[in-house]
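To start, the structure under review is shown below, and the notes come after it.
Numbering (the numbering used here), first residue to last: -6 to 258.
Here you go:
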């Protein structure tokens, strides 16, 4: 077999992906864009990743990509849980400190974050996983969660894909985060009608009950099952009306048989 065809049929190795997207980055004055992006990279790569026990993704070819208003970080699949806990908490705390210590005239940083896992080849980024991770961070659900975050003093709104949630939170690999810290939602992206995935939303310091007031992209509840019609009263049969007297014995016998065999008899 020609070995050149193997890369096209082999399933790429699984990786975990962290996608970060800054809120309102395009609305910043042009002179502030580059400094704030540099600050965000410093926070994520030089502070939050080491705090979370994660290697700098820039040490692997193709594992870090600057997206302009954010970044894509690729880590080994074994580190998926660390991207959820403790990373999300550390990132929120770091952005809070940044806001408290920034210079006059500086801007706070709020970010949407998605965490996904799936097959992905490096360094060319071939695979659906990276597209799905980017669509998750762009979904209406996490954008609505971002509104809740800014109103409640948080700096990040995170969305976890179903596989990530199952392998981390549901599997008990996130000591500081339980099911009650997440809100089940549906990720949809405007203009991407073919994309719809179940997901879990998280804002540090906020319960799912509070977050639910801001999110409309929720799973549909099953429609109520229509009740069965009430059964006919016992002993009730089919009533047949005849005009005039019945004299034909064949008809009389048939009617009697139908009556005694009818439902309820």
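By construction, the Cβ of each residue, glycine as well, lies at the ideal position given by its N, Cα and C atoms.
Close Cβ partners of residue i (< 7 Å) along its chain, the five nearest in sequence each way excluded
{"i": "residue 75", "result": "45, 46 and 47"}
{"i": "residue 86", "result": "none"}
{"i": "residue 216", "result": "Bear in mind that a pLDDT of 49 at residue 216, under 50, signals an unreliable position, so the model cannot answer this."}
Counted within 10 angstroms of its Cβ, other Cβ atoms place residue i as buried (16 or more) or exposed
{"i": "residue 203", "result": "exposed"}
{"i": "residue 232", "result": "For residue 232, the predicted model reports a pLDDT of 47, less than 50, meaning its position is unreliable; a value from the coordinates is still stated below. Exposed, since its Cβ has fewer than 16 Cβ neighbours within 10 Å."}
{"i": "residue 71", "result": "exposed"}
{"i": "residue 96", "result": "exposed"}
{"i": "residue 197", "result": "buried"}
{"i": "residue 211", "result": "exposed"}
{"i": "residue 172", "result": "exposed"}
{"i": "residue 16", "result": "buried"}
{"i": "residue 24", "result": "exposed"}
{"i": "residue 83", "result": "buried"}
{"i": "residue 167", "result": "buried"}
{"i": "residue 164", "result": "exposed"}
{"i": "residue 154", "result": "buried"}
{"i": "residue 68", "result": "buried"}
{"i": "residue 125", "result": "buried"}
{"i": "residue 63", "result": "buried"}
{"i": "residue 30", "result": "buried"}
{"i": "residue 2", "result": "exposed"}
{"i": "residue 187", "result": "exposed"}
{"i": "residue 184", "result": "exposed"}
{"i": "residue 120", "result": "buried"}
{"i": "residue 108", "result": "buried"}
{"i": "residue 178", "result": "buried"}
{"i": "residue 214", "result": "exposed"}
{"i": "residue 4", "result": "exposed"}
Where residue i sits in the DSSP three-state scheme
{"i": "residue 125", "result": "helix"}
{"i": "residue 23", "result": "helix"}
{"i": "residue 194", "result": "strand"}
{"i": "residue 313", "result": "There is simply no residue 313 to check, as the chain begins at -6 and stops at 258 in what is shown."}
{"i": "residue 54", "result": "coil"}
{"i": "residue 202", "result": "helix"}
{"i": "residue 147", "result": "coil"}
{"i": "residue 163", "result": "coil"}
{"i": "residue 59", "result": "strand"}
{"i": "residue 33", "result": "helix"}
{"i": "residue 213", "result": "coil"}
{"i": "residue 5", "result": "coil"}
{"i": "residue 235", "result": "Low local confidence applies: a pLDDT of 45 at residue 235 is under 50, so the model's placement there is unreliable, with the coordinate-based value given in what follows. Coil, per DSSP."}
{"i": "residue 41", "result": "helix"}
{"i": "residue 208", "result": "coil"}
Which residues DSSP lists as bridging residue i, in chain order
{"i": "residue 177", "result": "193"}
{"i": "residue 154", "result": "192"}
{"i": "residue 172", "result": "DSSP output for residue 172 lists no bridge partner at all."}
{"i": "residue 183", "result": "Bridge partners of residue 183: none, in fact."}
{"i": "residue 11", "result": "66 and 108"}
Cβ-based neighbour list, residue i, same chain, cut-off 6 Å, excluding 5 preceding and 5 following
{"i": "residue 180", "result": "129, 132, 134, 190 and 192"}
{"i": "residue 106", "result": "13, 149 and 151"}
{"i": "residue 313", "result": "An answer regarding residue 313 cannot be provided, because it is not within the stretch -6 to 258 covered by the chain."}
{"i": "residue 169", "result": "78"}
{"i": "residue 55", "result": "115 and 116"}
{"i": "residue 158", "result": "193"}
{"i": "residue 142", "result": "150 and 196"}
{"i": "residue 65", "result": "12 and 58"}
{"i": "residue 38", "result": "49"}
{"i": "residue 51", "result": "57"}
Contacting residues, own chain, Cβ-Cβ under 8 Å from residue i (five flanking each side not counted)
{"i": "residue 137", "result": "207, 208, 209 and 210"}
{"i": "residue 101", "result": "88, 91, 92, 95 and 148"}
{"i": "residue 175", "result": "153, 158, 162, 193, 194, 195 and 201"}
{"i": "residue 40", "result": "83 and 87"}
Unbroken stretches of the beta strand (DSSP E), 3 residues or longer, contained in the segment 62 to 136: 63 to 69 and 104 to 112
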